[in-house]
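Working notes, beginning with the structure itself.
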Amino acid sequence: MIMVDARERAARALCRKAGNVEMAKFEGKPLWMSYLDEVDTVFRAILDAPGSSYHLVFDSLPSPKGARFIELEDDNGKSIEIGEWRARSDGNCELVLPLVRQ
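When we follow my numbering, the leftmost residue of the sequence shown carries the number 1393, and every step to the right adds one.
Encoded structure:
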């Protein structure tokens, strides 16, 4: 299975919502790629909210036994649903978060 990042998923969703075929060509590229600018604008608004911070919640402080990740929360304690959990070939798991470049 090919993993797709959040930017691509969002751009494809906007493309479909507009009634377009994702893989139709526009200026030599798949049509969904023409929606990336809109996706970046939305991600930037979400990720760059003034005065906000992200809280990585664990079940304990770091120790030789490890601390278990619980969730990612905003300043109000609400869960933030962003990124994608992936299994890695080395047996570990990772939470992949999209980067929004300004």
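Note that beta-carbon positions come from the ideal geometry of N, C-alpha and C, so glycine has one too.
Same chain only: Cβ atoms within 8 angstroms of residue i, ignoring 5 sequence neighbours per side
i	result
V1449	F1461, I1462, E1463, L1464, E1465
L1423	C1407, N1412, V1413, E1414, M1415, A1416, K1417
Beta-ladder partner(s) of residue i, from DSSP
i	result
S1471	E1465
Residue i, buried or exposed, once every other Cβ within 10 Å from all chains shown has been counted against 16
i	result
R1436	exposed
C1485	exposed
A1416	exposed
R1478	exposed
R1480	exposed
R1408	exposed
V1488	exposed
Y1446	exposed
7 angstroms CB neighbourhood of residue i in its chain, flanking five on each side removed
i	result
M1425	A1403
Own chain, CB closer than 6 angstroms to residue i, minus 5 neighbours either side, in chain order
i	result
E1400	none
8 angstroms Cβ cutoff met for residue i and residue j
i	j	result
A1410	G1475	no
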